[in-house]
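Asks:
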Ligand code: NAD
Ligand code: ZN
């Protein structure tokens, strides 16, 4: 028998037990079980007719800042009501169990922080923070008035969520740290990400180029599937809890 009762290959169990440096990359899929929709999920309700990829751009904000602000206000509300799920909790547990654990996330929600991870590289910003579209300053508080979006207290520009939109560059320090964490690990986990949005999509391939085993955890196939060393098909909540139980308990 070369699998554990939870269908985890025994070789993967050994790789995880021996690894001193583990890097995990997460995408929207890890928060799906918390009720935060992924971009590729068909959306229901009020925002069903809008394509998120058309709203999450500077062009969309210039064209219709009110629409984009209100869409993010709705997403902020979803995030504030959501709670970390067993997948987030398993990654927090891994950080306690593995000597050097780095979590790179494309998510803009704060569920990894609330689950207890501390060594987090946030590639795409934080939806709960606000920045000025004009002077780029982070803004802690602003006047709640009838103006949507609200205006910057420093320069009067329009405020926006502090997230990286399609077509914008990533924070350089976070990107450098993510590239180093992908290059220098003994094992790389790619969890709940479509592996389509660059430059995050390249990170598992950087690990593979260094002969580092890469594990994909996703219910669907992605462009990484053909190259990944191990594939665990399924929802990250269940798969990650099984993994922690099989490897460290
Ligand atoms: P994506 O929407 O492109 O892909 C989500 C992936 O998750 C898909 O491959 C899907 O098969 C998988 N998935 C769905 N349910 C899952 C589950 N239960 N367990 C594991 N995997 C599951 O998301 P992405 O790859 O992160 O890239 C899109 C961009 O969207 C990112 O830039 C990100 O910043 C942004 N985004 C963030 C959030 C969030 O912060 N929670 C939500 C939506 C989108
Ligand atoms: Zn400003």
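Residue numbers (the numbering used here): 81 to 329. Built from N, CA and C at the ideal position, the CB exists for glycine as well. Bear in mind that the values here come from a model prediction, so they are computed numbers and not experimental data.
Our contact map puts residue 319 next to residue 309 with C-beta atoms below 8 angstroms; I'd like the distance itself, whole angstroms only.
Replies: At roughly 15 angstroms, the Cβ-Cβ gap does not stay under 8 angstroms, so residue 319 and residue 309 are not in contact.
Asks: Does the distance between the C-beta of residue 332 and the nearest non-hydrogen atom of the ligand ZN fall short of 7 angstroms?
Replies: As displayed, the chain neither begins before 81 nor continues past 329, which places residue 332 out of reach and without an answer.
Asks: Roughly how many whole angstroms lie between the Cα atoms of residue 97 and residue 222?
Replies: Whole-angstrom Cα-Cα distance: 48 angstroms.
Asks: For residue 220 and residue 150, what's the separation of their Cα atoms in angstroms?
Replies: Those two C-alpha atoms are separated by around 19 angstroms.
Asks: Identify, in the order they occur along the chain, each residue of the same chain with its Cβ nearer than 6 angstroms to the Cβ of residue 302, setting aside the five sequence neighbours on each side.
Replies: Cβ neighbours of residue 302 beyond the five flanking positions: 274 and 275.
Asks: Please give me, in chain order, every unbroken run of the alpha helix (DSSP H) with length at least 4 that falls completely inside the stretch 156-199.
Replies: Taking only runs of at least 4 residues, the alpha helix (DSSP H) segments lying wholly in the stretch 156-199 are 166-177 and 191-195.
Asks: If you measure from the CB of residue 234, is any heavy atom of the ligand ZN nearer than 7 angstroms?
Replies: Yes, the Cβ of residue 234 comes within 7 angstroms of a heavy atom of the ligand ZN.
Asks: Cα-Cα, which of 277, 290 and 142 is closest to residue 261?
Replies: The shortest C-alpha separation from residue 261 is found at 290.
Asks: For residue 111, which of helix, strand or coil comes out of DSSP?
Replies: If DSSP states are grouped into helix, strand and coil, residue 111 belongs with the helices.
Asks: Within this structure, are the beta carbons of residue 272 and residue 112 separated by less than 8 angstroms?
Replies: Taking 8 angstroms as the Cβ cut-off, residue 272 and residue 112 qualify as a contacting pair.
Asks: Between the C-alpha atoms of residue 147 and residue 92, what's the straight-line distance to the nearest angstrom?
Replies: About 46 angstroms.
Asks: Applying the 10 Å Cβ sphere with the 16-neighbour rule, what's the burial state of residue 81?
Replies: Here the model assigns residue 81 a pLDDT of 47, short of 50, so the residue's position is not dependable, and the following value carries that caveat. So residue 81 ends up on the exposed side.
Asks: Would you tell me roughly how many angstroms separate the C-alpha atoms of residue 183 and residue 129, rounded to the nearest one?
Replies: Cα to Cα, residue 183 sits roughly 33 angstroms from residue 129.
Asks: Alpha carbon to alpha carbon, how far is residue 200 from residue 251? Give it in angstroms, no decimals.
Replies: One C-alpha to the other measures close to 14 angstroms.
Asks: Based on the DSSP secondary-structure assignment, which residues constitute the bridge partners of residue 201?
Replies: Beta-bridge pairing links residue 201 to 184.
Asks: Say the cut is 7 angstroms; is the CB of residue 237 nearer than that to a heavy atom of the ligand ZN?
Replies: Yes - the ligand ZN has a heavy atom lying nearer than 7 angstroms to the Cβ of residue 237.
Asks: Following a CB-centred definition, is residue 186 positioned closer than 7 angstroms to any heavy atom of the ligand NAD?
Replies: Checking every heavy atom of the ligand NAD against the Cβ of residue 186, one is found closer than 7 angstroms.
Asks: Let me know if residue 104 comes out buried or exposed under the rule of 16 or more other beta-carbons within 10 Å of its beta-carbon.
Replies: Its Cβ being crowded by 16 or more others within 10 Å, residue 104 is buried.
Asks: What are the boundary residues of the alpha helix (DSSP H) that includes residue 132?
Replies: Where residue 132 is concerned, the enclosing alpha helix (DSSP H) stretches over 132-135.
Asks: Give the secondary structure of residue 295 by DSSP, where H, G and I count as helix, E and B as strand, and everything else as coil.
Replies: Note: residue 295 maps to strand in three-state DSSP.
Asks: Under 8 angstroms Cβ to Cβ from residue 234, same chain only, skipping five residues before and after it: list those, please.
Replies: Around residue 234: 212, 215, 217 and 219.
Asks: Please state whether the Cβ-Cβ distance between residue 266 and residue 101 is less than 8 angstroms.
Replies: In contact: residue 266 and residue 101 (Cβ atoms closer than 8 angstroms).
Asks: Regarding residue 214 and the ligand ZN, is the C-beta to nearest heavy atom distance less than 7 angstroms?
Replies: It does: the Cβ of residue 214 is within 7 angstroms (strictly closer) of some heavy atom of the ligand ZN.
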